[in-house]
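Asks: The numbers in this note's numbering rise by one with no breaks, and the one at position 89 of the sequence shown is 102. Where a beta carbon is used, it is the ideal one built from N, C-alpha and C, also for glycine.
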Amino acid sequence: MKRRAHNVYKSQKLIRVMVEYDETENAINSITITGDFFLYPEEALETLEANLIGTKLERHALKQEIDNGLKNSEVYGFDSTSLTEAILGCKT
14 MKRRAHNVYK SQKLIRVMVE YDETENAINS ITITGDFFLY PEEALETLEA
64 NLIGTKLERH ALKQEIDNGL KNSEVYGFDS TSLTEAILGC KT
């Protein structure tokens, strides 16, 4: 069964996450990350969102994929831990 959920998470800046996931597989089908943060280069956010599709909604798997996606980027307003928590907050 597919589910849609959203979460607003306060880190250094505000993070908004909209995620669609499969409850049976517990994996992300689509994700949109917006908020009051800066990410350079700008296309890094699109790449990160694309790379998160198929990722299990589990703390370790998410954090690892986010760390990989952000390693060549400059981020102001959140880190991989806070983004992981923001995504996981969609399940509650």
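Return yes when at least one heavy atom of the ligand GDP lies under 7 Å from the C-beta of residue 70, else no.
Replies: Questions concerning the ligand GDP fall outside what the structure shown contains, since it holds no ligand whatsoever.
Asks: Considering only the alpha carbon of each residue, which of 42, 56, 39, 36 lies closest to residue 82?
Replies: Locating residue 82 in the sequence shown gives position 69, counting from the first residue. The shortest Cα separation from residue 82 among 42, 56, 39, 36 belongs to 56.
Asks: Which term fits residue 78, buried or exposed, when burial requires 16 or more other beta carbons within 10 angstroms of its beta carbon?
Replies: Taking the sequence shown and counting its residues from 1, one reaches residue 78 at position 65. Burial call: buried.
Asks: What residues match up with residue 43 in a beta bridge as DSSP calls it?
Replies: Taking the first residue of the sequence shown as position 1, residue 43 is located at position 30. DSSP lists 33 as partners of residue 43.
Asks: Any idea what DSSP makes of residue 79, helix, strand or coil?
Replies: Residue numbering aside, residue 79 sits at position 66 when the sequence shown is read from its first letter. Note: residue 79 maps to helix in three-state DSSP.
Asks: Can you tell me the Cβ-Cβ gap for residue 90 and residue 49, rounded? I've got them flagged as a contact below 8 Å.
Replies: Here residue 90 corresponds to residue number 77 of the sequence shown, with the count starting at 1. Here residue 49 corresponds to residue number 36 of the sequence shown, with the count starting at 1. Contact holds; Cβ gap of about 6 Å.
Asks: Starting from residue 87, follow the beta strand (DSSP E) in both directions and report where the run begins and ends.
Replies: Numbered from its first residue, the sequence shown carries residue 87 at position 74. From DSSP, the beta strand (DSSP E) with residue 87 extends over 87 to 89.
Asks: In whole angstroms, what separates the C-alpha of residue 35 from that of residue 53?
Replies: What you label residue 35 is simply residue 22 of the sequence shown in a count that begins at 1. What you label residue 53 is simply residue 40 of the sequence shown in a count that begins at 1. Between residue 35 and residue 53, the C-alpha separation is close to 30 Å.
Asks: Check the C-beta distance from residue 40 over to residue 70 and give it rounded, since I have them as a contact under 8 Å.
Replies: Numbered from 1 along the sequence shown, position 27 holds the residue referred to as residue 40. Numbered from 1 along the sequence shown, position 57 holds the residue referred to as residue 70. That pair is a contact at about 7 Å.
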